[in-house]
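Enquirer: Residue numbers (our numbering): 357 to 450. Note that CB positions come from ideal geometry on N, CA and C, so glycine has one too. Encoded as structure tokens, here's the structure I'll be asking about.
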């Protein structure tokens, strides 16, 4: 006999059992002491088949890192140039 799963009827605790020998005894739950009546066979193989890979993943494939945006410094004399241009415009009208 292979390994089996025993579920307690009272508290619902599950335990994996491996019964050996010809003599079968009544089993009791380890946490509450209730008799274990429902014993199910453990599945031998997984139900889902293994996924087959249809292609090989290229070794050189990597995610590209995002480039940081370049920070442009403002010109120090930008405001002074605007002020000079405005001053020249007002001097024309004087």
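Taking the C-alpha atoms as reference points, what is the distance between residue 409 and residue 420?
Expert: If I take the Cα positions, the gap works out to 24 Å.
Enquirer: Quick check: the Cα distance between residue 370 and residue 407, rounded to an integer number of angstroms?
Expert: Roughly 30 Å between the two C-alpha positions.
Enquirer: Tell me the rounded alpha-carbon separation between residue 449 and residue 440.
Expert: When rounded, the distance between both Cα atoms is 15 Å.
Enquirer: Can you tell me whether residue 362 is buried or exposed, with buried defined as 16 or more other CB within 10 angstroms of its CB?
Expert: Residue 362 should be labelled buried.
Enquirer: Got a sec? Which residues, its chain only, sit under 6 Å from residue 404 by beta carbon, not counting five neighbours each side?
Expert: Closer than 6 Å at Cβ, skipping near neighbours: no residue.
Enquirer: For residue 364, does the count of other Cβ atoms within 10 angstroms reach 16, so buried, or fall short, so exposed?
Expert: Flag for residue 364 reads buried.
Enquirer: Report the rounded CA-to-CA distance for residue 435 versus residue 427, giving the unit in angstroms.
Expert: If I take the Cα positions, the gap works out to 19 Å.
Enquirer: May I ask which residues mark the beginning and end of the beta strand (DSSP E) holding residue 390?
Expert: Neither: residue 390 is in no beta strand (DSSP E) and is coded neither H nor E.
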